[in-house]
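Engineer: Residue numbers for the sequence shown follow our numbering, beginning at 103 and rising by one.
Each residue gets a CB set at the ideal place from its N, CA and C atoms; glycine is no exception.
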Amino acid sequence: MLGKEIVRENELCLTTLGLSDILAECERVDLGRAIPTHSSLSALTATGISSDGFDWLLPITLQEELLSFAEKLSSQNGQLTLSSLVRQTCPQLLGGERGEKSESKKGESTQTKKFSIPCIIKQFKQPELKGFIQKDLGDRFIVYIPEDDSTITVSKLLVYPDFPESKSSGQINKIPSTKKVTPPSKNSLTLTRRNKGDGTGYIYHRTITRRGKQYEEFYYRYRDEAGKLRSKYIPTRLLDKVRSAELSKKPITDILFLLGGGDISRGEQSDTLDDGNVQIGDENNESDSINRGEQLTPPSNKKRKQGCGTGYIECKPIKRSGKEYKQYWYHYEEWREGECIDKKSKYIPKRLVQKLEKMDNEKQPVRIILELLEVKK
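Structure representation (structure tokens):
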């Protein structure tokens, strides 16, 4: 009768009673004289439990029934042995087996339980049990097992959360596919790359200083058929058209034809030049533009001829002993096979400043100016 009452579901509030607690309860009702200490210890030891204060799990509400049970035994046998008590309380040990199926008293209806957290109980060499955590006892959980309609008290180390089937079974929700991006049309001015075989090139700009003023120079860098990197100067009047052609990813041959056509033949001109965005200028500046690689007007002295090099004069004010002086430097670049290989500077003596300025204004080749400055090539 006591074993059934211990696992009664509606009285699951547990406490820890050691051997000393049981003896104290028995002494309180004047039954201590009937309990031989050695027999109670031997009874506990015989069941495989040491007598050094091992805790038994008993319901608080059953303490009175425990005392009445002890009273009954003492009146019948004259002494109280704990072996029967040990056998009947074993199912309530920590980490023990599941309790017996609950049986309510006659005329007593089972109360409706409120379940909270689904869980899985994993014990060594035992099948997994699914249930619901009902109460937290510190280091243990009271778990309701719906399969057997029973409750057990287990250590928290054996309880794991029970995720929904969609996640626990390993099914991962697929990432929704991104929206399809419509590729830009061929007539669009924002293509991302050129077609295969159209070449590789880009616009490069740099800042230079001449006579104390800063200017921007633009070059178009590309690779020729041999794979060498070359550069071509972009005049200011053609900068917008070259940018438009580069943005629309026109073939390199069309852009080079736009810049003078020195590196391509007329047969390499493609049909994309029919686009109004790439045509060279209008009728007003046709005489100043470059048409099919041929210059219609004689070269001016505003820039050097192609192949004569690049250079300019710079005046730098310096202070020495509290006085300000002017220093003149000639900055030039060394080019080889259409590629800038080095940038250098040469000091201009004061006696050569006027002569050098005259030569630079006449746009004489850089080679002659360097000979005047005694620069060995």
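Anyone know if the C-beta pair for residue 429 and residue 418 falls short of 8 angstroms?
Structural biologist: Taking the sequence shown and counting its residues from 1, the one referred to as residue 429 is at position 327. Taking the sequence shown and counting its residues from 1, the one referred to as residue 418 is at position 316. With a cutoff of 8 angstroms on beta-carbon distance, residue 429 and residue 418 are scored as near each other.
Engineer: Whole alpha helix (DSSP H) runs in the region 298-337 with 4 or more residues, listed along the chain?
Structural biologist: None, since the region 298-337 contains no complete alpha helix (DSSP H) of that length.
Engineer: Taking only the alpha-carbon atoms, compute the straight-line gap between residue 458 and residue 477 and give it to the nearest angstrom.
Structural biologist: The residue given as residue 458 occupies position 356 in the sequence shown. The residue given as residue 477 occupies position 375 in the sequence shown. Cα-Cα distance, rounded: 14 angstroms.
Engineer: Whose CA, out of 259, 298, 231, lies closest to the CA of residue 246?
Structural biologist: On the sequence shown, position 144 is the one that residue 246 refers to. It is 231 whose Cα lies nearest to the Cα of residue 246.
Engineer: Starting from the C-beta of residue 77, find all residues in its chain whose C-beta is less than 6 angstroms away, skip the five residues before and the five after it, and write them out in chain order.
Structural biologist: With the chain covering 103 to 479 only, the question about residue 77 has no answer from this structure.
Engineer: Would you grab the beta carbon distance between residue 336 and residue 361 for me? Rounded to a whole angstrom, and I think it's under 8 angstroms.
Structural biologist: By 1-based counting over the sequence shown, the position of residue 336 is 234. By 1-based counting over the sequence shown, the position of residue 361 is 259. Contact holds; Cβ gap of about 6 angstroms.
Engineer: To the nearest angstrom, report how far apart residue 299 and residue 442 are at their CA atoms.
Structural biologist: Position 197 of the sequence shown, counted from the start, is the residue given in the question as residue 299. Position 340 of the sequence shown, counted from the start, is the residue given in the question as residue 442. Distance between the alpha carbons of residue 299 and residue 442 is about 26 angstroms.
Engineer: Using only CA atoms, which one of 303, 412, 228 lies nearest to residue 351?
Structural biologist: The sequence position of residue 351 within the sequence shown is 249, counting from 1. Ranking the options by Cα distance to residue 351, first place goes to 303.
Engineer: What residue does the beta strand (DSSP E) around residue 242 start on, and which one ends it?
Structural biologist: Locating residue 242 in the sequence shown gives position 140, where the first residue counts as 1. 242-247 is the extent of the beta strand (DSSP E) around residue 242.
Engineer: Excluding five sequence neighbours on each side, which residues of the same chain lie with their C-beta closer than 6 angstroms to the C-beta of residue 339?
Structural biologist: As a working note, residue 339 is residue 237 in the sequence shown. Contacts found: none.
Engineer: When you compare each of 226, 227, 228, 220 to residue 244 by their alpha carbons, which one comes out closest?
Structural biologist: Here residue 244 corresponds to residue number 142 of the sequence shown, with the count starting at 1. Out of 226, 227, 228, 220, 220 has the C-alpha closest to the C-alpha of residue 244.
Engineer: Who are the Cβ neighbours of residue 241 in its own chain at under 7 angstroms, not counting the five residues just before and after it?
Structural biologist: Indexing the sequence shown from 1 puts residue 241 at position 139. The residues are 257, 258.
Engineer: Which residues in the same chain as residue 354 place their Cβ atom closer than 6 angstroms to its Cβ, once the five residues preceding and following it in sequence are excluded?
Structural biologist: Residue mapping note: residue 354 aligns to position 252 of the sequence shown, counting from 1. Excluding residues within five positions, the ones whose Cβ falls inside 6 angstroms are 301, 303, 324.
Engineer: Can you tell which of 294, 225, 224, 238 has the C-alpha that lies nearest to the C-alpha of residue 218?
Structural biologist: Residue numbering aside, residue 218 sits at position 116 when the sequence shown is read from its first letter. Comparing Cα positions, the closest option is 238.
Engineer: Comparing C-alpha positions only, which one of 431, 260, 333 sits nearest to residue 308?
Structural biologist: What you label residue 308 is simply residue 206 of the sequence shown in a count that begins at 1. Comparing Cα-Cα distances from residue 308 to each of 431, 260, 333, the minimum goes to 333.
Engineer: Is the Cβ-Cβ distance between residue 450 and residue 462 less than 8 angstroms?
Structural biologist: Sequence index remark: in the sequence shown, residue 450 carries index 348 (1-based). Sequence index remark: in the sequence shown, residue 462 carries index 360 (1-based). No, they are not a contact pair.
Engineer: Checking 8 angstroms against the spacing of the C-beta atoms, do residue 57 and residue 322 come in under that value?
Structural biologist: The displayed coordinates of the chain run from 103 to 479. Any statement about residue 57 would go beyond what the structure contains.
Engineer: Could you work out which residue in 411, 431, 467 is closest to residue 456 when comparing CA atoms only?
Structural biologist: To locate residue 456, count along the sequence shown from 1; it is residue 354. Residue 431 is the option with its Cα nearest to residue 456.
Engineer: Please report the distance separating the alpha-carbon of residue 295 from that of residue 438.
Structural biologist: In the sequence shown, residue 295 corresponds to position 193, counting from 1. In the sequence shown, residue 438 corresponds to position 336, counting from 1. Taking the straight line from one Cα to the other gives about 29 angstroms.
Engineer: Tell me whether residue 234 is buried or exposed, calling it buried when 16 or more other Cβ atoms sit within 10 Å of its Cβ.
Structural biologist: Here the question's residue 234 lines up with position 132 in the sequence shown. Flag for residue 234 reads buried.
Engineer: Have a look at 452, 227, 413 and flag the residue whose alpha-carbon is nearest the alpha-carbon of residue 427.
Structural biologist: In the sequence shown, counting from the first residue as 1, residue 427 sits at position 325. It is 452.
Engineer: Which one or two residues does DSSP pair with residue 261 in a beta bridge?
Structural biologist: For the purposes of this step, residue 261 is taken as residue 159 along the sequence shown, with counting starting at 1. Residue pairing from DSSP places residue 261 in a beta bridge opposite 223.
Engineer: Where does residue 231 fall in DSSP's three states?
Structural biologist: Sequence index remark: in the sequence shown, residue 231 carries index 129 (1-based). Correct three-state label for residue 231: strand.
Engineer: What does the alpha-carbon distance come out to for the pair residue 312 and residue 319?
Structural biologist: On the sequence shown, position 210 is the one that residue 312 refers to. On the sequence shown, position 217 is the one that residue 319 refers to. For residue 312 and residue 319, the distance between alpha carbons rounds to 12 angstroms.
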